[in-house]
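Peer 1: Sharing a structure below in structure tokens format, with a few things to ask.
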Amino acid sequence: MSAISLKAIRKNYGTVTVIRRIDLEIESGEFVVLVGPSGCGKSTLLRMIAGLEEISGGDLVMGGRSIGHLPPAERNIAMVFQDYALYPHMSVEDNMSFGLKMRDADSAEIARKVKDASGILKLDPFLARLPAQLSGGQRQRVAMGRAIVRDPQAFLFDEPLSNLDAALRVEMRLEIARLHRRIKATTVYVTHDQVEAMTLADRIVVMNGGNMEQVGPPLELYRRPKTLFVAKFIGSPTMNTLECEVAGRAEASVRLRLPAGEVALPLEGAPTDLKRVTLGIRPEDLEVCAPDDAWFTGELSVVERLGSQTFGYLDIGRDRMITVEFPRASEVAVGQRVCVAGRPEHVHMFDPTSGIRLN
Ligand SMILES: Nc1ncnc2c1ncn2[C@@H]1O[C@H](COP(=O)(O)OP(=O)(O)OP(=O)(O)O)[C@@H](O)[C@H]1O
Ligand SMILES: [Mg+2]
4 MSAISLKAIR
14 KNYGTVTVIR
24 RIDLEIESGE
34 FVVLVGPSGC
44 GKSTLLRMIA
54 GLEEISGGDL
64 VMGGRSIGHL
74 PPAERNIAMV
84 FQDYALYPHM
94 SVEDNMSFGL
104 KMRDADSAEI
114 ARKVKDASGI
124 LKLDPFLARL
134 PAQLSGGQRQ
144 RVAMGRAIVR
154 DPQAFLFDEP
164 LSNLDAALRV
174 EMRLEIARLH
184 RRIKATTVYV
194 THDQVEAMTL
204 ADRIVVMNGG
214 NMEQVGPPLE
224 LYRRPKTLFV
234 AKFIGSPTMN
244 TLECEVAGRA
254 EASVRLRLPA
264 GEVALPLEGA
274 PTDLKRVTLG
284 IRPEDLEVCA
294 PDDAWFTGEL
304 SVVERLGSQT
314 FGYLDIGRDR
324 MITVEFPRAS
334 EVAVGQRVCV
344 AGRPEHVHMF
354 DPTSGIRLN
């Protein structure tokens, strides 16, 4: 397996810039997940690594050599797509071996590799079937098998599970985690699914408009998002954010005017003329409290009971809504008035103009 370096990678289609600048060192065996809103350039970046899309600027280095100019077949990188792209008229076995046969591999060698991959992916009972005779999850495994038999230097996945139903998605997610533990392949994986990103990634890359917003281990991004954008993007349900006035400042703290009262929060090194702050607090970090301690007070307009979790949407007035995670046995009901507060150590603060983290 190989390390991959993206050095100042750029992409434009004519005058439209899609990737502004990506600098990323992916270690050998690392599992990197790309997330970001639709159109931010995730698929484009994967396709440039695979060689399916030309690189407009910068350098792509794999295993110590520059590969940006090589055609896809010479890069030894396997890509698994959302729609699987299996050959419909070929059996599972032929789908998996086709690429190797095209490269004139030795037939005993091909048979051994297909057998290995089918064992790992539990495809043995289906080798003679056509793709149309398989479930979505089984097809997805064939697509992965086809990638594995090539012994690639790296795997690229573009939303591989998004066509599957919820239960299968969970099953395949575990399958991919297991597979990665077993073959330790360098992997770049694109997903819109929070749980996939949090559970599979060694590091998550949050992309925004063709730039990298933040790169780090999943819990680091969850606990200390560097920007408001990352704060809103990582975590589900999304973090509550509210712009509020600074009521006073001391050496290492700030008093913020929240809808239900003032609160002093530790803050060092922020500009002394700071007038407004965007406060962020996750739904799971809010708790019901006495009215005197409240940060937010309002009526519950919706309550969602998911079994293991209960979420309430608190209408705090002026068209603002705060999401609160209640203990699962909580009997809160729609229409009820609730007071909630968080703890200072769970608060995220951002500059409202730049979106950059302050605390
Ligand atoms: N061939 C092309 N010509 C011009 N623009 C393109 C071309 N291909 C993609 N784009 C544009 O590049 C941007 C990035 O596209 P890309 O497919 O990489 O997004 P994405 O992050 O994968 O989005 P999604 O989450 O919806 O899959 C989009 O704005 C898209 O319209
Ligand atoms: Mg895409």
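Mapping to the numbering used here: the sequence shown position 79 is 82, numbers consecutive.
Beta carbons: idealized from backbone N, C-alpha and C, even for Gly.
Leaving out five residues before and five after residue 313 in sequence, what residues of the same chain have Cβ atoms less than 8 Å from its Cβ?
Peer 2: By one-based count along the sequence shown, residue 313 stands at place 310. Cβ within range, chain order: 306, 307, 328, 329, 330, 331, 333, 335.
Peer 1: Do you know offhand how far residue 107's Cα is from residue 97's?
Peer 2: If you number the sequence shown from 1, residue 107 lands on position 104. If you number the sequence shown from 1, residue 97 lands on position 94. Approximately 14 Å, taken between the alpha carbons.
Peer 1: Quick check on the DSSP output: the beta strand (DSSP E) that includes residue 63 runs from which residue to which?
Peer 2: As a position in the sequence shown, residue 63 is number 60, starting the count at 1. First-last of the beta strand (DSSP E) with residue 63: 60 to 65.
Peer 1: Would you call residue 15 buried or exposed, if buried means 16 or more other Cβ atoms sit within 10 Å of its Cβ?
Peer 2: Counting from one through the sequence shown, the residue named residue 15 turns up at place 12. Flag for residue 15 reads exposed.
Peer 1: Based on DSSP bridge pairs, tell me the residues matched to residue 349.
Peer 2: Residue 349 sits at position 346 when you count from the first residue of the sequence shown. According to DSSP, residue 349 bridges with nothing at all.
Peer 1: Work out the CA separation of residue 42 and residue 292 for me, nearest whole Å.
Peer 2: Within the sequence shown, the letter at position 289 stands for residue 292. Within the sequence shown, the letter at position 39 stands for residue 42. So the alpha carbons of these two residues sit roughly 41 Å apart.
Peer 1: Out of 345, 318, 206, which one is the CA nearest neighbour of residue 339?
Peer 2: Working through the sequence shown from its first residue, we reach residue 339 at position 336. Measuring from the Cα of residue 339, the nearest candidate turns out to be 318.
Peer 1: Give me the pocket residues for ligand 4, defined as CB within less than 5 Å of any heavy atom, sorted by chain position.
Peer 2: For the structure depicted, ligand 4 is absent and the ligand set comprises only ligand 1 and ligand 2.
Peer 1: Just the Cα atoms here: how many angstroms apart are residue 95 and residue 220?
Peer 2: As a first step, residue 95 must be located in the sequence shown, where it is residue number 92. As a first step, residue 220 must be located in the sequence shown, where it is residue number 217. C-alpha separation (whole angstroms): 36 Å.
Peer 1: In its own chain, which residues sit with a C-beta less than 6 Å from the C-beta of residue 294, not counting the 5 before and 5 after it?
Peer 2: As a position in the sequence shown, residue 294 is number 291, starting the count at 1. Around residue 294: 342.
Peer 1: Please tell me whether residue 201 and residue 145 are closer than 9 Å, where the distance is taken between their beta carbons.
Peer 2: By one-based count along the sequence shown, residue 201 stands at place 198. By one-based count along the sequence shown, residue 145 stands at place 142. Not a contact, by the Cβ cut-off of 9 Å.
Peer 1: Within the continuous beta strand (DSSP E) that includes residue 158, where are the two ends?
Peer 2: Here residue 158 is taken as the residue at index 155 of the sequence shown, counted from 1. For residue 158, the enclosing beta strand (DSSP E) covers residues 157 to 161.
Peer 1: Does the Cβ of residue 351 have 16 or more other Cβ atoms within 10 Å, making it buried, or fewer, making it exposed?
Peer 2: Taking the first residue of the sequence shown as 1, we reach residue 351 at position 348. Under this definition residue 351 is a buried residue.
Peer 1: Taking 8 Å as the cut-off, is the beta-carbon of residue 119 closer than that to any non-hydrogen atom of ligand 2?
Peer 2: Sequence index remark: in the sequence shown, residue 119 carries index 116 (1-based). No.
Peer 1: First and last residue of the beta strand (DSSP E) that includes residue 51?
Peer 2: For the purposes of this step, residue 51 is taken as residue 48 along the sequence shown, with counting starting at 1. Per DSSP, residue 51 belongs to no beta strand (DSSP E); it is in the alpha helix (DSSP H), 45 to 53.
Peer 1: What span of residues does the alpha helix (DSSP H) with residue 237 cover, start to end?
Peer 2: In the sequence shown, residue 237 corresponds to position 234, counting from 1. Here residue 237 belongs to no alpha helix (DSSP H), and DSSP marks it neither H nor E.
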